[in-house]
Amino acid sequence: EVAVKAMQEGAVDFIQKPYTQEEVQKSVRRALDRKRLLLENLYLRGEMSVGTGDSGLIGESPVIKNLVSLIERVAKSDATVLILGESGSGKELVARAIHNLSPRAQHSFIPINCIAIPDELLESQLFGHVKGSFTGATQNRIGMFELADQGTIFLDEIGDMNQNLQGKILRVLQEQTIEPVGGRGSKKVDVRVVAATNRDLEAAVKEGTFREDLYFRLNVVPLEVPPLRDRKSDVPLLVRHFMNDLKKTPEEFFVPPSIYDRLMKYDWPGNVRELRNLVERAVVLDSPELLGQIGSKLSQVPEPAPVVQAEEPWLGDDQITYKEAKQAVLDRFERKFFEHRLRQNRGNVSRTAETLGMHRKNLQEKLDRLGINPKEVTEDQIDPEDGS
C-alpha cells in the first residue's frame, strides 16, 4: 500500500527489504533512464514548437496541412498508428507529433529502428532480458517497452522485422503484455504503439514475409507522409528552419531567390533528410552558393555549359574551394559506385552491404546522404558511364 501511494506521488521504483547493493544500483539506473528520457522529451517538445500548429511539422502546403489535421485527430485517441512514407520523409517527426499532442505527452517517447539492430539483439532491446539468458547477459535489463510504459513506442521500419519478432509484437498489441528474453513470466505494459515503414506491407503479406494478422493490428489508422517532391512549395520554409537549427539567421546566411528556384526544381529522392544534409553542408562551409551548385548538379537543371564542365562541374567554377571540389568528386564517385553495386544486387541493400564488406546501417546512411533510393536502382536503369 505504501509502495503504491509512493508510485502515485511520483516515485519511479521501490525496493523491498532486505535489499542488496546491486538491487539499489539497478533501481538508481532505472530512475536515471526515466529521468533522461523525460528531459529528452521536454527538449524535443521545445524544439518542435515551431511549425504547423503544435505538431512541429514545417510547411504550408495543402498536403502537410491535411497531414497535420489527421495527426491532431489521431493523437487524441489511443489507437495504433501505421505511418507510411519514403525514407527521409519525416516519419519519426510525425510519430513524435502524435505523442506530443496525445494524453501520454508527459511520459516517454521511445523510438527504435528495427532495421538498425541485428535480429538477435532486437528482441532483448524491445522486451529486456534476465541475467544469464544469453552470453553477455550479465545482469537483468529492462527493454524499450517497459521504458515506454504509459508513453509511446515508435517502431521504425517494422516491415523489415523477422516473423518471430512480428509474433511477439502482435502479442503486445493483443494482450498488452511482454516477456523478457529468458524470463518465465509476463509483465503488463501500458504502451501506445506507433509503427512506420517505407515498404508496401500489403505486398509483403501476399509474399508471406509479413504477418497478415499483425498488419491488420497495425493498420488501424494509416497515415501517409508525402515525399518532398509532392510539396516543393515547403522547401524555402524548410531551408530557413534548418538554418535556424544551425544558429544562422537569413541575414548571416543569405540565400538568393534564384537558388530557391533551383532547389524547388529538384525532385529530392532523399526527401527532407537530403535537404537538411545539403543545408548543413552549405552552412558548415559558409557557402550559400553551394546550395545552388548542388541543387543544379543533382536536379540536372539544363545549363549551357561545355561537356567537360557537365562531367567535372568544379573545372568551370573559379570560386569553388579545394575542399568543396574534393567533396564533389567523392560524392560523384560514391553515387556512381553504390548505384552500380545496387543494380548488381537488384536494389537489395543488405546483400549489397555484405558484398562491400560494410555494415548495412553504414551503407544505408551513405545512400540517404547521397539521395539514392534503392527501390529506384534496378537492372533496367543502366547508367551509360557504368558500361553495364
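The sequence shown begins at 172 in this note's numbering and counts up one residue at a time. All C-beta atoms in this analysis are idealised placements derived from N, C-alpha and C, irrespective of residue type, glycine included.
Helix, strand or coil at residue i [DSSP, three-state]
i           : result
residue 358 : strand
residue 228 : coil
residue 326 : strand
residue 430 : helix
residue 385 : helix
residue 548 : coil
residue 394 : strand
residue 554 : Residue placement at residue 554 cannot be trusted, given a pLDDT of 44 that sits under 50; what the coordinates show is reported in the next sentence. Coil at residue 554, not helix or strand.
residue 450 : helix
residue 319 : coil
residue 367 : strand
residue 523 : helix
residue 301 : coil
residue 186 : coil
residue 288 : coil
residue 312 : strand
residue 242 : helix
residue 280 : strand
residue 543 : coil
residue 253 : strand
Beta-carbon proximity of residue i to residue j, cut-off 8 Å
i           : j           : result
residue 435 : residue 424 : no
residue 360 : residue 325 : no
residue 539 : residue 230 : no
residue 287 : residue 330 : no
residue 341 : residue 281 : no
residue 232 : residue 405 : yes
residue 246 : residue 273 : yes
residue 524 : residue 534 : yes
residue 417 : residue 378 : no
residue 380 : residue 255 : no
residue 409 : residue 446 : yes
residue 334 : residue 275 : no
residue 227 : residue 267 : yes
Cβ distance (whole Å) where residue i is taken to contact residue j below 8 Å
i           : j           : result
residue 234 : residue 402 : 5 Å
residue 541 : residue 505 : 6 Å
residue 456 : residue 495 : 6 Å
residue 426 : residue 372 : So it is not a contact: roughly 39 Å between Cβ atoms.
residue 195 : residue 186 : 7 Å
residue 285 : residue 328 : 5 Å
Minimum Cβ-Cβ distance from residue i to chain C less than 8 Å
i           : result
residue 498 : The chain labelled as chain C is not found in the depicted structure, where only one protein chain is given.
Classification of residue i by the beta-carbon crowding that lies within 10 angstroms, buried from 16 upward
i           : result
residue 292 : exposed
residue 530 : exposed
residue 501 : exposed
residue 294 : buried
residue 453 : buried
residue 190 : exposed
residue 509 : buried
residue 271 : buried
residue 188 : exposed
residue 497 : exposed
residue 550 : With a pLDDT of only 45 at residue 550, under the threshold of 50, the placement of this residue in the model should not be trusted; the figure read from the coordinates follows. With fewer than 16 other Cβ atoms within 10 Å, it is exposed.
residue 345 : exposed
residue 348 : exposed
residue 459 : buried
residue 428 : exposed
residue 213 : For residue 213, the pLDDT reaches just 44, beneath the cut-off of 50, and the residue's location in the model is therefore unreliable, leaving the point undetermined.
residue 337 : buried
residue 261 : buried
residue 218 : Model confidence at residue 218 stands at a pLDDT of 39, short of 50, so the residue's coordinates are unreliable; what they give is reported in the following sentence. Classification for residue 218: exposed.
residue 383 : exposed
residue 323 : buried
Would you call the segment 294 to 303 and the segment 340 to 356 in contact, with 3 or more CB pairs under 8 Å? Two segments are said to touch when three or more pairs of C-beta atoms, one from each, lie closer than 8 Å; by this definition the segment 294 to 303 touches the segment 340 to 356.
Do the segment 247 to 261 and the segment 374 to 394 meet, that is, are 3 or more Cβ pairs less than 8 Å apart? When C-beta atoms of the segment 247 to 261 are compared with those of the segment 374 to 394, three or more pairs fall below 8 Å, so the two segments count as touching.
Would the segment 393 to 412 count as touching the segment 439 to 456 if we require 3 or more Cβ pairs under 8 Å? Yes, the segment 393 to 412 is in contact with the segment 439 to 456.
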